């Protein structure tokens, strides 16, 4: 099975050119000297979870944030490390492949070697299974040759996503001990980074000296927080999909007779769909977060699309492009309830063809109403994270079917006077995951490697039952990216302002383009934390022992109300944040 | 409906750069002087059809071929035209959009203006419907600004494909007369160029002075012959699809658990699938022409795939990528027979849900065996060219279903010992048609405009009933491109020699790549015709009156046998050529 891993690949001319590309490193990671400033210990995202988190992560919670500094930075208490011992590090791909994964390995390899030429990097073959079985390939420059800046995970492969059961974590511990690893790097998404956080705690508890590092590589873009602004792979996926969406827009505008219903891969949340909308301006997108927030039923959504089709027909427009994130199906309340019932029965061992007779009356009514192809897909076993098999459920076909039925009804009743409604359905997912990574992802992945231990500190929030897990970040309906969409939604819907970013380029216009949602969001969270600390320091300096009674009195009064206000805001934002949890 | 045609579009940075690109013209089309050599009158492709063709095209058949010459060419009887009168030309998009269509308009506009600034180019809005209704937009440099080198047909739009009925050809005649057109340019594929040929004859018969010109623009690549080596749009489509196929290959190799069944748009024949295979090296492709030639049943094809899956599993490979041309479904003998029966009933007005009871026993048995989703798709009304709605028939899902069933059976019986077979199905079509055109298509389309009247001379061959039509060219199973595939098929199947040409580039490696099937085929048909004429001229010079009896005797004897041999070959190739007609 692993016979093909790491073998040299035949590269096309473009791939050869890309393999020559040297990613850019940020100034703080250049050179052989490491300059680190250790900041405050981190807090948990939700104040109410702090005791659960403290219990789950007694060894690893609350460690200080490490800031890497550029050579010119003047920080008095920075640790300056010029000589590093040789280390042995293992690296493993977990979970779904994302463009840029290979560059994480290459970047780590170069970083290890530049600091100590005797350091060793071992790749585990075949994902977590290879970790458990201790199947390794030593990474060398020769091995990397035809994988630099290339897509896929085929250098090492991947199999299962999980490092979770007692058997699995023990096998991982044994592998790290047997192989004398100083570090274990896990490349993956939300699930794999949750596993990495727990594994780090488990290793610390077991007094294993291997440090566990999670690297956020996922096309879904849902593994982000104050410290992680983007995931490796998201930029490429959105560019490849936007190209195809734009092509469909141009096609729709040329033929003037089709509505394209395009479902996008991206798991539970709608980051990919939002970003692609901002890049290519299709007529409509329905975000899972909007559906959940407004508790829209499947009929509400279908009616919303029908009304849009009717409004456009009123302007003699009988074509359009509508984006459907794959996760939307779980955001629709009544479908979600149905899925939970089905999954419950499946887990109890009920055969799929017997389930329809055991549903609650409400779910049964919905189920019986659905067309056969969707019934079959809803009956599939859930994934390892308990979500439905989103990539297998053709929500775009279901919506196209409902819209067509309704438009035909309106046509018959005379309330709709436009042309016959025609839908073409597409699912864009697998054809983008293996893409050559964009320049952004090449650079970002290559530089990723020194972000250590972030996973077990920052973004973990508790689940109500079971062990704490990293929640996938949802699209922030109060955020700037969503706001940009809302401002333009009506124009996109009616005016066909289609924008074609074109195929992914490596030179010229667009080659250095960043994700729109990344550019509009507030970037400098850490900068603003620093600014706040400066204010606090200034107050401290002014109100030193010896200051006047008036100054002290004013300071006390002001700070009391500041504390009050912040306490109130903190607890209410916690409630708000749980709204869709 | 036409309110949006020709309005300026907002262009992305890459689109803006592309809009600045000036396509290259071949030397013979550069400058303001036109140099033409009129060659022999053309013959029909099939000797046996000559009387049918002569009857159908009394005015337009057998016209001389026009060769355009570069300035430096020394041809004694070349016509040299330095001044051209101002002309009025109409242009219309017919049939499915293909990347590069806009450049045909731009190239024609520039060519008309360079020869006479007073010439006028009128675009018909909304395809043939716009032609009949005389809805025009005068093409100007302003109008073209945001459409140069851009994809789609949205500058003028298109609606119906047909210019065929008496009413339609009369409306076209009236439009050309009313608008005082010297020329009418029809941009389209096989069907539209057949219509163009008949329209030219109809106009000639009616003594209408408008010359009709067909331009071969089709993504299918099936409108080719000795004079037309490629179609505008084919290069782009194959590059966009090859990128996505390669991404799926990389994905398959990374996950090692899926077989991708990818259906490709391309109508009846398998040119797109063949070219994409040569570009991206998937494990397997099944060409419609192979299926027809070997009379493979649906079960033969399914078994062929199953055996491949089993052989790969024997090497611990549980993944793969298989290409399925959309036209394959009509190449399978028993399915074709079923489709013909269904279409016959549909044409007689039988309701779709009643047809299954009226099928012949053999067709009925096949139909009942098929899964419901395919049944529904086979019952769709045929297209205007009598073929099935190929884009709507999910042949890839049918094959994946049959293969899965068979693999599960083999697994149960113990004859297959590999992992459980998993298929993921895709259809690549609509998402490529609207793409930004490749450099090749930009240049080719821009230069296309002076190929006049080819359509009604060369590639028309008769149909057995009804009017003569251009047959779409099929993949030549004796050609070099197919031979290249056969030589590599076993290696592609077993060794995962996936090749990723990457996203369509406009600069650097790959930007100037031509289609593999174009590069390996004999290119210089006209050059070889010229060479033959030189030989004949030499014989004529040697055997002039006054030559010796011996020379004359030898020449007569040799030429008698040459003529014999060529006559025999000609008639047998005609029979061979009709094999799949």
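Protein chains in written order, with UniProt numbering: chain A, 1 to 581; chain B, 1 to 581.
Built from N, CA and C at the ideal position, the CB exists for glycine as well.
Fair warning: this is a prediction, and the values are worked out from it, not measured in the lab.
Within the stretch 235 to 253 of chain B, contact with chain A at the beta-carbon level (separation under 9 Å) is assigned to 239, 240, 243, 244, 245, 246, 247, 248, 249, 250, 251, 252 and 253. At a beta-carbon threshold of 7 Å, none of the residues of chain B lie near residue 517 (chain A); the nearest stands roughly 17 Å away. Nearest CB-CB separation between residue 394 (chain B) and chain A: not below the 8 Å threshold. Rounded to the nearest whole angstrom, the C-alpha separation of residue 202 (chain B) and residue 169 (chain B) is 8 Å. Shown here, residue 79 (chain A) sits in a strand according to DSSP, grouped into three states. In this structure, the beta-carbon distance from residue 159 (chain A) to residue 127 (chain A) falls below 8 Å. Per DSSP, reduced to three states, the secondary structure at residue 183 (chain B) is strand. Looking only at A:445, A:440 and A:400, the smallest Cα-Cα distance to residue 426 (chain A) is reached by A:400.
CA-CA distance, residue 250 (chain A) to residue 296 (chain A), rounds to 30 Å.
For the options B:114, B:495 and B:516, the alpha carbon positioned closest to that of residue 313 (chain B) is the one of B:495. Distance between residue 190 (chain B) and residue 47 (chain B), taken at the CA atoms: about 21 Å.
Chain A has no Cβ within less than 8 Å of the Cβ of residue 339 (chain B). Listed in chain order, the positions of the stretch 429 to 445 of chain B with a beta carbon within less than 8 Å of a beta carbon of chain A are 430, 431, 432, 433, 434, 435 and 436.
Nearest to residue 153 (chain B) by alpha-carbon distance, out of B:130, B:94 and B:133, is B:94. Neighbours of residue 504 (chain A) in chain B, taken as residues whose beta carbon is under 7 Å from its own, are 503 in chain order.
Proximity of residue 168 (chain A) to chain B, defined by a Cβ-Cβ separation below 8 Å, is not satisfied.
Along the length of the stretch 196 to 227 of chain A, whole beta strand (DSSP E) runs at least 3 residues long occupy 211 to 216, reported in chain order. Note that the C-beta distance between residue 193 (chain A) and residue 216 (chain A) is below 8 Å. The straight-line gap separating the alpha-carbon atoms of residue 284 (chain B) and residue 520 (chain B) is approximately 20 Å.
Of all residues in the stretch 12 to 41 of chain A, only 12, 13, 14, 15, 16, 17 and 18 come within less than 8 Å of chain B when Cβ atoms are compared, listed by chain position.
Annotated three-state conformation of residue 38 (chain A) is strand, per DSSP. Closest by C-alpha distance to residue 325 (chain A), out of A:299, A:397 and A:384, is A:397. Straight-line spacing of the CA atoms in residue 568 (chain A) and residue 375 (chain A) works out to 46 Å. Taking C-beta separations shorter than 6 Å and ignoring five residues to either side along the sequence, the partners of residue 196 (chain B) in its chain run 186, 212, 214 and 455, following chain order. Each of A:24, A:428, A:163 and A:499 was checked against the Cα of residue 244 (chain B), and the nearest Cα belongs to A:428. Where residue 120 (chain B) is concerned, there is no enclosing alpha helix (DSSP H), although the beta strand (DSSP E) around it starts and stops at 120 to 124. When C-beta distances to chain A are compared with 7 Å, the residues of the stretch 403 to 427 of chain B below that value are 424 and 426, in chain order. Residues of chain B whose Cβ lies closer than 9 Å to the Cβ of residue 373 (chain A) are, in chain order, 372 and 373. When secondary structure is reduced to three states using DSSP, residue 265 (chain A) falls in the coil class, being assigned neither helix nor strand. Chain B places a beta carbon closer than 8 Å to that of residue 497 (chain A), counting this residue as a contact.
With respect to the 8 Å criterion, residue 100 (chain B) and residue 547 (chain B) are not classified as neighbours on the basis of their beta carbons.
Here residue 66 (chain B) carries a strand assignment [DSSP, helix/strand/coil]. Scanning chain B for C-beta atoms nearer than 7 Å to the C-beta of residue 97 (chain A) yields 251, 254 and 255, reported in chain order. Under DSSP, residue 382 (chain B) forms no beta bridge with any residue. Not one beta carbon of chain A lies nearer than 8 Å to the beta carbon of residue 385 (chain B). For residue 321 (chain A), the enclosing beta strand (DSSP E) has its first and last residue at 320 to 325.
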